[in-house]
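Student:
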Amino acid sequence: MLSIFQVSLSFGGSDLFKGVSFQVNANDRIGLVGRNGAGKSTLLKLIAGRMRPDSGSINCPSDFSIGFLTQDMPPAPLSSVWDEAASSFVEIKRLEANIESMTLEMGTRTDYESDAYMDLLERFHHAQERFQHIGGYTYQADLERVLNGLGFKSTDFHQPLNSFSGGWQMRVELAKILLQQHDVLLLDEPTNHLDIESILWLEEFLAQSNQAIILVSHDRTFLNNATNRTLELVLGKSYDYNVPYFKYLTLRDEIREKQRQAKVNQDKEIKNTQDLVDRFRAKASKAAFAQSLIKKLDRIEVIEVDDEDNRQMRFKFPPAPHSGKINAKLQGIHKHYGTKHVLKGLDLEFVRGQKIAFVGQNGQGKSTLVKILAEGLECEGSIEWGYQVKMGYYAQNQAEVLDGTKTVLQTIEDAAPDEIRRNARNLLGNFMFGGDDVEKKVRVLSGGERGRLALCQLMLNPINLLVLDEPTNHLDMAAKDVLKQALLQFDGTLIVVSHDREFMEGLCTLTFEFRDGKVKPYLGGIEYFLEQRKLESLRAMEVAGARKAAASAAAASAAATATAKSGASRNREEQKRLDAELRTAEKAMEASERAYEQVQAELDALDAEVASPERFKERSMDPEFFKGYEELQHRVHAHFEVWAEAQERFNTAKTAAQEA
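Mapping of the sequence shown onto our numbering: residues 7 to 666, in sequence order.
#1: Do L379 and A334 have their CB atoms nearer than 9 Å?
#2: State buried or exposed for M112, treating a residue as buried only when at least 16 other CB atoms are found within 10 Å of its CB.
#3: Beta carbon of V357, beta carbon of I332: below 9 Å?
#4: Report yes or no: do three or more beta-carbon pairs, one from the segment 21 to 32 and one from the segment 239 to 259, lie closer than 8 Å?
#5: Check whether the Cβ atoms of F323 and G498 sit closer than 9 Å, and answer yes or no.
#6: Does H328 get closer than 9 Å to chain C when you measure Cβ to Cβ?
#7: Skipping 5 residues on each side, what residues in its chain have a beta carbon closer than 6 Å to that of E548?
#8: Measuring straight from C-alpha to C-alpha, what distance separates D89 and F211?
#9: If you pair each beta-carbon of the segment 359 to 378 with each one of the segment 433 to 443, do three or more pairs fall below 8 Å?
#10: Taking C-beta to C-beta, are D411 and V448 nearer than 9 Å?
#11: Between which residues of its own chain and A303 is the CB-CB distance below 8 Å, once the five residues before and five after are set aside?
#12: Any idea which residues DSSP pairs Q337 with across the strands?
#13: Enumerated in chain order, which unbroken segments of the beta strand (DSSP E) with a length of 3 residues or greater are wholly contained in the segment 224 to 285?
#14: Which whole runs of the alpha helix (DSSP H) in the segment 156 to 205 are 4 residues long or more, in chain order?
#15: Within the continuous beta strand (DSSP E) that includes R521, where are the two ends?
#16: Based on Cα-Cα distance, which residue from P59, L15, S16 and P67 lies nearest to V30?
#17: State yes or no: is the C-beta of L500 within less than 9 Å of the C-beta of Q360?
#18: Does the distance from the CB of N467 to the CB of H328 come in under 9 Å?
#19: Tell me which residue opens and which closes the alpha helix (DSSP H) that R5 is part of.
#20: Under the rule that 16 or more other beta-carbon atoms within 10 Å means buried, what is P59, buried or exposed?
#21: Between which two residues does the beta strand (DSSP E) harbouring S20 extend?
#22: Out of T161, G62, L191 and N429, point me to the one whose CA is closest to R346's CA.
#23: Looking at M510 and A401, is the spacing between their C-beta atoms short of 9 Å?
#24: If you reduce the DSSP assignment to three classes, tell me which class L8 lands in.
#25: Using DSSP's beta-bridge definition, name the partner residues of G55.
#26: Less than 9 Å between the C-beta atoms of L516 and P527, yes or no?
#27: Using the Cα positions of L206 and E587, report the straight-line distance between them to the nearest angstrom.
#28: Considering only residues of the same chain and omitting the five flanking positions on each side of C462, which have a CB-CB separation below 7 Å?
#29: Can you tell me which of the three DSSP states G398 falls into?
#30: How long is the line joining the alpha carbons of E260 and Q367, rounded to whole angstroms?
#31: Rounded to a whole number of angstroms, what is the C-alpha to C-alpha distance between D194 and E384?
Printed below as a string of C-alpha cells:
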C-alpha cells in the first residue's frame, strides 16, 4: 500500500537515516519509536511529502490519501468549532452540492428518453453511491461523536475557534484528521493536548479504525493500546517488530541477546579458522587446505548486532531546603475569564513532603491554579505562603519559551548562580549535551532536546516546592524514566499536572480532580483515582438498572393486579399474603438502611479525621491505611445498593397491597 525503500537523509554532514525501508499495509497501526533526535517527526514529514529524501523512494498508489497531524500549531481561523471541523468533509460537501444540482435538473427536464438524460441519471446514481460510501448520510453524527470524544461539549460547537486555547485548537485539527477518509494517518504526538478521558477515547477510536496509522507518542500505555506493530529508529537504521509496544520491548531485548550470543560464537569460529590458516599457509603440503579455509572465511556472512542508543540523562534533585510544615494555604480562590468561572472558591493546603497529582479534563482549571501559584496570575482569594518556601516551576510551554538565539551553554550560564556557572558543561553533560552540542543554538534543537534543557534549568537553584505542568510532553521514554526516578527521590513537595498514566503511576500519593470549578481529593495516586472513577460510573449504571428493573416489576405487578380485580375481588387470604410481604419488605428496608448509615458514619468519621493535615500525614505513613480506606468505601457502596434494592421491593409491595 505504502512503500518506503532505502530512504536516506543527512543534515550538516551527519546521517539522520541510512537506507530505511519498510511497508505499510492496510490495517497496520504502527508505533514509531526512538530517542529524541532519532528522526521520527522528520520521517513522518518525508512520508507526507513535506520533505524530500537525499536518496531512496517513497511510493504509493496514485489515489492514495495521507492525513498528517503535526506538532506545529496552525493559525486559528475565525470560524466556529463546528464549521472548522466540518471543513474536513471536502468531498462530501462537493458531492452534496452536485447531488442537489442534479436533483433540481432532473425535476425540470422532460427528455426522459434522451442519451443526455440517461447520462445524467448515471452520474446521479454514481454520486449517490459515492456519497453513501464515504459517509455522506452520517457525517454530522460522526462529527458530533468525534468532537464529544475529544472533550468538546455541545455548547462549544458554535463558539469561535480562536476563543479557545491552543490545546483545544489542536483538538479540532485532530478531529479533522480523524474524520477524513484517509488511507493512512500520520499522528505526531496526538495526546500532548488531551486529558485522560480523551486519550482513552482516542485509543478506542484508533483501535477500531480501518485506516492504516503511523503514530509517534511517548505515552507508553497509549502507544501499546493503539498499535499492533512497532518500528524502531536507532542511529539512522530502522528495525521492524510485528507486535505492540510492550511486546516489542521484550522481543527487542531477546533478539539482541541472541544476536550477541551468535556474534560471540561466530567470532570464536572465525578466530579458530584464521589460526589454522596462519599455521598451514607456509607449508606446501597444507597449502590447498589453507586456501579452502580462506575461501570458507570469505563465505561467512558476518553477524551484526542491532545498534542501540544507550545514552541517558543522569541527574537527581539536590536535598530540599528546610521549610515550614505548610508550604501554601489557599483560601477562597476564585478565577473567571469573562462569564466562564474556572475556579470557584477553592480552599486548599499543601503540606511539606506531599506528592500531589492534578487531573481532570482540559479547561477545568489545573493549569490556571498552577499559574496562580507559580506565575502570580491574578485571582480572587488569598494565598498564604509558608516559611522559607523556594519554588521550582516547569511550565507547560517551558521548552518553547527558551531564547532561540542563545546557545545551549549560554542558556545555562546566564541562568546559573556564580558557584554553579563554572560547572555548566558538566551539568549539561548529565542532560546528554556533550562536546559540540553545547554550542548549538536553541532554535535548532528538537522538542525533546529543548525539554531536557528546560529540566536542566530546574537544577540551578535549590527548591523545596516543585510545580510541573505537563513535563513529559516532549521527552522520550528513557528521559521520562530518569525524570520519574528523580521525582520519586525528591524530598520536597511535588505538584504535577500530567495526562501520562504510565509516568504518573506510583509517583503521587494524593490526587486532586478538577471538575466544574471545584477540586475533589482522592486519598491515593492516579491508579486509585482511575479505579474510583470507574467504580462510580459502573455503580451509577447498576443503580439506574436496578431502579428501572424494579419500576418495570412494579408496573407489571400493578397491571396484573388490575386485571385480577376486573374479574373478581381478591379473597381474604390473598390480602393477608400481600400484607405479610409488605411487612417483610419494610423490615428488610429498615435493616439495610441502618447498616448503610452505620458504615457511612464510619467513612464520614475517617474523612473528618484525615481532613486535618497533621492527622492525614500521620495516618498516611501506615501502608495499610489506604487499603483499609478503600475497603471501607467499597462497603459503603455495597450497603447503599442493598438499601436501594430493598427500598424498591418495599415500594412495589406497598403498591400491590394498596391496590388489592
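Here a beta-carbon is modelled for each residue, glycine too, at the ideal position from N, C-alpha and C.
Tutor: Taking the definition as stated:
#1: Judged by their CB atoms, L379 and A334 are nearer to each other than the 9 Å cut-off.
#2: Here M112 is exposed: its Cβ has fewer than 16 other Cβ atoms, across all protein chains shown, within 10 Å.
#3: The answer is yes: Cβ separation under 9 Å.
#4: Because the criterion of three Cβ pairs below 8 Å is met, the segment 21 to 32 and the segment 239 to 259 touch.
#5: Yes, these two residues count as a Cβ contact at 9 Å.
#6: The structure shown has no chain C; it contains just one protein chain.
#7: Unreliable positioning characterises E548 in this predicted model, as indicated by a pLDDT of 44, which lies under 50. A coordinate reading is not provided.
#8: Their Cα atoms are separated by approximately 22 Å.
#9: These segments do not touch.
#10: Going by the sequence as given, residue 411 is Thr instead of Asp. For T411 and V448, yes; Cβs fall inside 9 Å.
#11: According to the sequence as given, residue 303 is Leu; it is not Ala. So the qualifying residues of the chain are I276, T279, Q280 and V283.
#12: In DSSP, Q337 forms a bridge with S388.
#13: DSSP runs (the beta strand (DSSP E)) wholly in the segment 224 to 285: 235 to 240 and 243 to 247.
#14: Positions of the alpha helix (DSSP H) runs, each at least 4 residues long and wholly inside the segment 156 to 205, are given as 172 to 185 in order along the chain.
#15: In the DSSP annotation of this structure, the continuous segment of the beta strand (DSSP E) that includes R521 starts and ends at L516 to R521.
#16: Nearest C-alpha to V30: P67.
#17: By the CB criterion at 9 Å, L500 and Q360 fall inside the cutoff.
#18: Result no, Cβ atoms of N467 and H328 do not sit closer than 9 Å.
#19: Any question about residue 5 goes unanswered here, given that the chain covers just 7 to 666.
#20: Buried.
#21: Where S20 is concerned, the enclosing beta strand (DSSP E) starts and stops at S20 to V30.
#22: The sequence shown places Lys at residue 346, not Arg. Just measuring C-alpha positions, the residue of T161, G62, L191 and N429 sitting nearest K346 is T161.
#23: Taking a C-beta distance under 9 Å as the contact criterion, A401 and M510 do not qualify as a contact pair.
#24: In the three-state DSSP reduction, L8 falls in the strand class (E or B).
#25: Beta-bridge annotation (DSSP): G55 is not paired with any residue.
#26: Judged by their CB atoms, L516 and P527 are nearer to each other than the 9 Å cut-off.
#27: Going from the Cα of L206 to the Cα of E587 covers about 47 Å.
#28: Sequence-distant Cβ neighbours of C462 in its own chain, meaning closer than 7 Å and more than five residues away, are I418, L433, L434 and F437.
#29: Looking at G398 - three-state DSSP - the assignment turns out to be strand.
#30: Approximately 39 Å, taken between the alpha carbons.
#31: In this structure, the alpha-carbon of D194 lies about 35 Å from that of E384.
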